[in-house]
Amino acid sequence: MTSTVDPKSIGQPVKKPRRHQRSATGYLGDIDDKTGKEKWPRGEEEVWKAGLRGIDADVPSISKSIVNHVQTSLARQAYNLDDFGAYQAAAYSVRDNLIINWNETQMNYTRKSPKRAYYLSLEFLMGRALDNAMLNLGLKDQYTASVDKLGFNLEDLIHQERDAGLGNGGLGRLAACYLDSGASQELPLWGYGLRYKYGIFQQLISPEGAQLEAPDPWLEHSNPWELPRVDVVYDVRFYGHAERIEGGKAVWSGGQEVLAIAYDVMVPGYDTKTTNNLRLWESKPKRGFDLNSFNAGDYERAVESSNSAAAITSVLYPNDHTSFGKELRLKQQYFWTAASLQDILRRFKNLEKPITELPDYVAIQLNDTHPTLAIPELMRILIDEEDLSWDKAWQIVTNVFFFTNHTVLPEALEKWPVSLMENLLPRHMQIIYDINLGFLQAVAKKFPHDLDRLARMSLIEEGFPKNVRMANLAVIGSRKVNGVAELHSELVRTTICKDFVEFFGVSKFGNVTNGITPRRWLDQCNPLLSQLITDTLKLPKAAWLKDLTKLQGLLKFVDDTAFQKKWTAVKHSNKERLALYIESTLGYKINTSAMFDVQVKRLHEYKRQTLNILGVIHRYLWLKGLTPAERKKVNPKVVLFAGKAAPGYYVAKLTIRLIVNAARVINADPETKEYLEVLFLPDYSVSLAELLIPASDISQHISTAGTEASGTSNMKFCLNGGLLVGTVDGANIEIAEEVGEENVFFFGHLTPDVEGLRYQHAYSPIPVEQKSPGLANVLNQISAGRFGDGSVYEPLLNTVRQGDYYLITDDFDSYIQALAMVDEAYQNRTEWIKKSINTSARMGKFSSDRCIIDYAQEYWNIEPQKVA
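Using numbering that gives the first Met the number 0, the first residue of the sequence shown is number 0, and each one after it goes up by one.
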């Protein structure tokens, strides 16, 4: 075939090919070579812009949008539309507004090319999206009216949404709060995580009171809040072999290749157009269905590749008590970090800057040790694919990454068997060995002949099996390391990272005390209190929700009788709301005039839900010993538990079983039922927390001193006017400093005492009967079968009687005394309400806005980018 040339073109300047610029979410228009601005691809610019303005914010336009989605997105008619269908249509309508802001935000970042931060977290506990999106957009009133005109109730539609199964505990909720604050503060901050098909699990309770795990069907129906990015796909390799070649490089080949498919979740900021992104990865086979095997009759082999790839993002935290589960967890971590880095580098390369400038445009925060494999993965890319020398690559890596440590328990620091790493990630194991060699040489030079120090600081823990210490790798490979509360950060510096502080210097180790977003954890979950605060402060809601220190304005109303009554009415209304939920789900009616005592969090021995239920049983036995006249002087109390135990965590699951069965006995006792009720609420989630937290009078944060890094549920309860019962641990300390110790009920031994007490337990134990007769009676009553088959609980009770690593016997009597102080304080309701108001008013420090600004200024060096 021959080509023809237009004679008119001879002698004319040659046209340059169109230069496209790709944004984070797709292609922008052409770029004008003179101005550097986008040109619209075709047609009239004003027509394009008019179409991109989104839905008008008036009620008729919103109603029309919802109806359009019923007909087009759902292909349904009004006559057969149920609440779930109406929820979906409303969600798609709200999403339309988000997408407009989202695209404008990404285009703004692409135009300005600012330095960006990326938050890598294995969990993002986002909660329901519809209510949050409407509130952040400032459209809830309009949608309420629009939905009402269509014959539905907006609150009913909100409850149709199931929480996204992307997290389990405080780690994931912290990440979600930070994304909210990043968008609200107009910072260029993205999150990266995994799109778990089944989440962690749906928690059920068996007739015997045991936790049962079922798949969490959160993706059973289409998810309006995510956008599949079929154009964003990356290859990720496992297994194979790595051959070293010249220049320190290697060729990694063979093994298994899977595809990482991107799904984007919009994260709207409050009172701003800025809408950031959470990008989640789903695993798919690179080569799917094997037709040849199927035709040969080998059906299992035909789908083997598909099943193996899909398993990577099936569940959060697969049980690592098996070799298969351990390998799957490591696969998850590499799959997620490898895909995320490819995406980050692709976006950076669009800037056409030299790779050596990566730290000037990219900051990556490692949320705990789970994403630590990103460090050797970036080294692999820079050395093997970008042809950088080892020293240049390492300089880039150690200026890109930042590491948040979330534990003070050395035994909880993540480790991986060397043999597993060598098999699954052979090239990365080579790089880890190389990092370790260079690092230990530097340590030996600074501390000659100190072999013990070398052994402690090595990335490789010798023994059988040999392990890779991920925390050590994260510390070595990051520019800065931070803890999440003042006490925790000090313990990091003086215990688990002491050697590294002495090597690198203290300036590398900082603190960013955790925080929570007041948008979700006050305005959304407690709208009555939010409105009362707005009315009382006479400020626009946005003013105090984006500057939580303005809550101090409530202090002048502490002694105002009318304000106290309004505050009390809000608390009682929240109790009634929670009671309605409990009655509708569990069929049990609770006393809303009683004190609500709440402990909700992941089940773990160090969080000491065991101490709480033993204290409840102690209270029950004490009530049984009183006369009817004496009981009438006792504060009625409703004790509420919720939280999930890891499937393989036997002792934690026994604690749940004891709570459930003790509750059955206590709630059925006619002598005490009026004064003490106990409930375990199954399948704890963000949405359930939004009901529990505003209703609490007190909440319990009772970890063994020195074991809780920070905690954030304590902040949520206190922000909503619940008083804190706790140990001198984590962020409890800083909360007490802010709200005043007179408004906190502390108990228990302090952190410096813990190791000595543990030593005593190991070498000269004191019998429980001698140390705490009241606790001994409780343990004996359980063993005797008062709350079901006592033999079932013996493994749990033995953790208290023998060893008692978490000091339940040492702290029990002090704990009971603290609860007695709570009872006494609650008798004076006026003073109690004053304590509640004081507590809320002084919680301004604990906004996640403050945290994210600290990270932006002191760690990542990023600046706000306002969307016009």
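Here a beta-carbon is modelled for each residue, glycine too, at the ideal position from N, C-alpha and C.
Remember, predicted model here, so these are calculated numbers, not experimental data.
Within 10 angstroms of its Cβ, does residue i collect 16 or more other Cβ (buried), or is it exposed?
{"i": "G166", "result": "buried"}
{"i": "N827", "result": "exposed"}
{"i": "Y78", "result": "exposed"}
{"i": "Y91", "result": "buried"}
{"i": "T706", "result": "buried"}
{"i": "N797", "result": "exposed"}
{"i": "A661", "result": "buried"}
{"i": "K652", "result": "buried"}
{"i": "T829", "result": "exposed"}
{"i": "D848", "result": "buried"}
{"i": "R21", "result": "Bear in mind that a pLDDT of 49 at R21, under 50, signals an unreliable position, so the model cannot answer this."}
{"i": "D522", "result": "buried"}
{"i": "P646", "result": "buried"}
{"i": "T494", "result": "exposed"}
{"i": "L27", "result": "At L27, the pLDDT of 45 sits below 50, so the modelled position is not reliable; the number obtained from the coordinates is stated separately. With 16 or more Cβ atoms within 10 Å of its Cβ, L27 is classed as buried."}
{"i": "N152", "result": "exposed"}
{"i": "K479", "result": "buried"}
{"i": "Y854", "result": "buried"}
{"i": "D155", "result": "exposed"}
Taking the alpha-carbon of residue i as reference, which of the options has the nearest alpha-carbon?
{"i": "E245", "options": "E376, A541, L387", "result": "L387"}
{"i": "D822", "options": "Q780, K715, N634, F811", "result": "N634"}
{"i": "V361", "options": "L188, W217, T535", "result": "L188"}
{"i": "A874", "options": "Q201, H220, H487, A688", "result": "There is simply no residue 874 to check, as the chain begins at 0 and stops at 867 in what is shown."}
{"i": "L121", "options": "V314, Y238, L80", "result": "V314"}
{"i": "D559", "options": "I836, D179, D215", "result": "I836"}
{"i": "G181", "options": "L203, G169, G268, A128", "result": "G268"}
{"i": "L424", "options": "G137, D215, Y683, L372", "result": "L372"}
{"i": "H405", "options": "H369, A667, I431, I374", "result": "H369"}
{"i": "A688", "options": "Q87, D82, L124", "result": "L124"}
{"i": "Y118", "options": "G190, E207, G773", "result": "G190"}
{"i": "I807", "options": "A824, G789, V753", "result": "V753"}
{"i": "A56", "options": "A85, S72, Q76, D95", "result": "D95"}
{"i": "L226", "options": "A249, E256, L277", "result": "L277"}
{"i": "R601", "options": "I616, L73, G642", "result": "G642"}
{"i": "E670", "options": "S529, S686, E629", "result": "E629"}
{"i": "F554", "options": "K834, W224, T609", "result": "The sequence given here has Leu at residue 554, not Phe. With distances taken between Cα atoms, L554 lies closest to K834."}
In the DSSP assignment, find the unbroken beta strand (DSSP E) run with residue i in it and report its ends.
{"i": "V250", "result": "249–252"}
{"i": "L538", "result": "L538 -> no beta strand (DSSP E), and no H or E assigned at all."}
{"i": "H700", "result": "697–700"}
{"i": "G509", "result": "508–510"}
{"i": "F562", "result": "Note, F562: premise wrong, no beta strand (DSSP E); alpha helix (DSSP H) at 560–585."}
{"i": "V791", "result": "Taken as a continuous stretch (DSSP letters only), V791 belongs to no beta strand (DSSP E), as it is neither H nor E."}
{"i": "Q255", "result": "255–267"}
{"i": "Y233", "result": "225–237"}
Does any residue of chain C have a CB that is nearer than 8 Å to the CB of residue i?
{"i": "E823", "result": "Among the chains of the structure shown, chain C does not appear; only one protein chain is present."}
Need the endpoints of the alpha helix (DSSP H) that residue i sits in, please.
{"i": "L687", "result": "685–694"}
{"i": "A209", "result": "No alpha helix (DSSP H) holds A209; DSSP gives it neither H nor E."}
{"i": "N611", "result": "608–623"}
{"i": "S839", "result": "828–840"}
{"i": "H68", "result": "58–70"}
{"i": "S120", "result": "It is not in any alpha helix (DSSP H) - S120 carries neither H nor E in the DSSP assignment."}
{"i": "I395", "result": "389–399"}
{"i": "W335", "result": "322–348"}
{"i": "G169", "result": "169–183"}
{"i": "V866", "result": "Careful: V866 lies outside any alpha helix (DSSP H) and carries neither H nor E."}
{"i": "W101", "result": "82–111"}
{"i": "V849", "result": "Strictly speaking, residue 849 in this sequence is Arg, with Val absent from that position. Taken as a continuous stretch (DSSP letters only), the alpha helix (DSSP H) holding R849 covers 847–853."}
{"i": "L419", "result": "417–423"}
{"i": "R379", "result": "373–379"}
Can you tell me the Cβ-Cβ gap for residue i and residue j, rounded? I've got them flagged as a contact below 8 Å.
{"i": "A261", "j": "S282", "result": "A261 to S282, Cβ: 12 Å. No contact."}
{"i": "F640", "j": "F679", "result": "5 Å"}
{"i": "M456", "j": "E413", "result": "No, M456 and E413 are not in contact; Cβ-Cβ is about 16 Å, not under 8 Å."}
{"i": "V231", "j": "D342", "result": "7 Å"}
{"i": "A730", "j": "T516", "result": "Not really, about 15 Å apart at Cβ, beyond 8 Å."}
{"i": "L203", "j": "P681", "result": "6 Å"}
{"i": "F334", "j": "Q364", "result": "Between Q364 and F334 the Cβ distance is about 19 Å, and since that is not below 8 Å, they are no contact."}
* Asked: In the region 435–497, which residue ranges form an unbroken beta strand (DSSP E) of at least 3 residues, counting only runs that do not cross its ends?
  -> 466–468, 479–482
* To do: Could you name each continuous beta strand (DSSP E) segment of 3 residues or more that falls completely within the region 703–783, going from the start of the chain to the end?
  => 722–726, 743–746
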